[in-house]
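Undergrad: The sequence shown begins at 12 in our numbering and counts up one residue at a time. Ideal Cβ positions, reconstructed from N, Cα and C, are used throughout, including at glycine. The model shown is predicted, which means the values in this text are computed figures rather than measured ones.
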Amino acid sequence: MAGSSSDKLDRLVADARRAADVREQGYREQALKIYPWICGRCAREFNRSNLRELTVHHRDHNHQNNPSDGSNWELLCLYCHDNEHQRQLEAGNGSADGRGNGPAATHSPFAKLKTLLGSKNS
């Protein structure tokens, strides 16, 4: 019995992955037809040989929102796309490091160094 539920789960996961791949290919192909092959952040230009490094970014971060006019998409290179998602993560949890560890440290360990060095030389 356990084998059949495992098989069902495997089929479900495989079907979901196939559906995501088909959906992605659909909006990716549309976006590549609509927009010039240039990263919307760093302005790096792409051609057929490196086009795989150009990704479709969903402006509202909703991968289900794919209007045919492309209004929710922008083309970003892999690096700018990763950077954009990292910025979203950091903004979402209010931390500077993106791990939920709170705001950035404000302590300056060398703030009194000049004073300390000056007192030893006197």
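Determine contact between the region 14-25 and the region 58-66, defined as no fewer than three beta-carbon pairs at a distance below 8 Å.
TA: Verdict: no, contact absent.
Undergrad: So for Cys50, helix, strand or coil by DSSP?
TA: As a working mapping, residue 50 is identified with position 39 in the sequence shown. Cys50: coil per DSSP, three-state reduction.
Undergrad: By how many angstroms is the C-alpha of Gly103 removed from the C-alpha of Gln41?
TA: Counting from one through the sequence shown, the residue named residue 41 turns up at place 30. Counting from one through the sequence shown, the residue named residue 103 turns up at place 92. For Gln41 and Gly103, the distance between alpha carbons rounds to 30 Å.
Undergrad: To the nearest angstrom, how far is it from the Cα of Glu64 to the Cα of Asp26?
TA: Locating residue 64 in the sequence shown gives position 53, where the first residue counts as 1. Locating residue 26 in the sequence shown gives position 15, where the first residue counts as 1. If you take the alpha carbons of Glu64 and Asp26, they lie about 26 Å apart.
Undergrad: Report the partner residues of Cys88 according to the DSSP bridge assignment.
TA: Within the sequence shown, the letter at position 77 stands for residue 88. The partner list for Cys88 (beta bridge, DSSP) reads Leu65.
Undergrad: For a quick check, are the C-beta atoms of Glu85 and His74 less than 8 Å apart?
TA: Locating residue 85 in the sequence shown gives position 74, counting from the first residue. Locating residue 74 in the sequence shown gives position 63, counting from the first residue. Not closer than 8 Å, so no.
Undergrad: Within this structure, are the beta carbons of Cys50 and Leu87 separated by less than 8 Å?
TA: The count along the sequence shown starts at 1 and reaches residue 50 at position 39. The count along the sequence shown starts at 1 and reaches residue 87 at position 76. Result yes, Cβ atoms of Cys50 and Leu87 sit closer than 8 Å.
Undergrad: Enumerate in chain order the residues of its own chain whose CB-to-CB distance from Asn94 is below 8 Å, with the five nearest sequence positions on each side excluded.
TA: Translated into positions along the sequence shown, residue 94 becomes position 83. Correct list, in chain order: Arg52.
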